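Worksheet: the structure to be examined is printed underneath.
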Amino acid sequence: MVRAGVADAARVNARWCDVVCRAHGIAGTFGRHAWTAPRRTPPLYPDAVTLTPAASVTDVLDGIDLSPGCSVKDSFGCLDLSGAGFEVLFEATWITRTAEVPLEPGWARVDGRFEDPSVAEWSDGVSGVISNRDGDFAGLSNLYTHGDLDAALRDGYAALGPLRVWLK
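Using full-length UniProt numbering, you'd call the opening residue of the sequence shown number 1 and step up by one each time.
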């Protein structure tokens, strides 16, 4: 059973990947079970993101460039892409936290790179993060600072479930 919130996290993350791809002239597609990009995405961004645990290998691999360097974010950690020539690049955990506190003093909005009202960039000059909204949910990406999963959990975040990134 998939923990509540994982599908929301996957959808918000896929929207973020779509925003980045559109900024680079790549039109992604939202299908029933996966978001896919027909040509190679920018470095460090997946070519496909699963949106439901029911996504099949076909849902994910049809319509993407399968040449070496292709990557897939399996948002639910349940696909086996090894038969298609992929290897697990890394495994991670989705985390969540209810927004309760305002930004710390010194943080400011530094938008400009993306022409999308659902995206905001924040920085204090040392650390930074990009947020994007989809409905009632916000995703955080490109967080740069130091720390790990245990630190996030100590700070009040909760683990939602596994994710896996595959690379060909």
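Positions of the beta carbon are idealized from the N, C-alpha and C atoms, including for glycine.
Source: prediction; values computed, not measured.
(message) Which residue wins for smallest C-alpha separation from P43, given the options V129, H24, R133, A14?
(response) H24
(request) Under the assumption that W94 contacts V6 (Cβ atoms under 8 Å), give the Cβ distance between them as a whole number of angstroms. (result) 6 Å
(message) Quick check on DSSP: helix, strand or coil for T58?
(response) helix
(message) Please list the terminal residues of the continuous alpha helix (DSSP H) segment that includes L149.
(response) 149 to 154
(request) Use the C-beta contact count for F90: other C-beta atoms within 10 angstroms, 16 or more gives buried, fewer gives exposed. (result) exposed
(message) Helix, strand or coil, according to DSSP, for S75 in the structure here?
(response) coil
(request) For D47, collect the residues of the same chain with a Cβ closer than 8 Å to its Cβ; drop the 5 residues on either side in sequence, then sort them by chain order. (result) T36, A37, R40, T41, I64, D65, C70, S71, V72
(request) From the DSSP output, in three-state form, read off A48 for me. (result) strand
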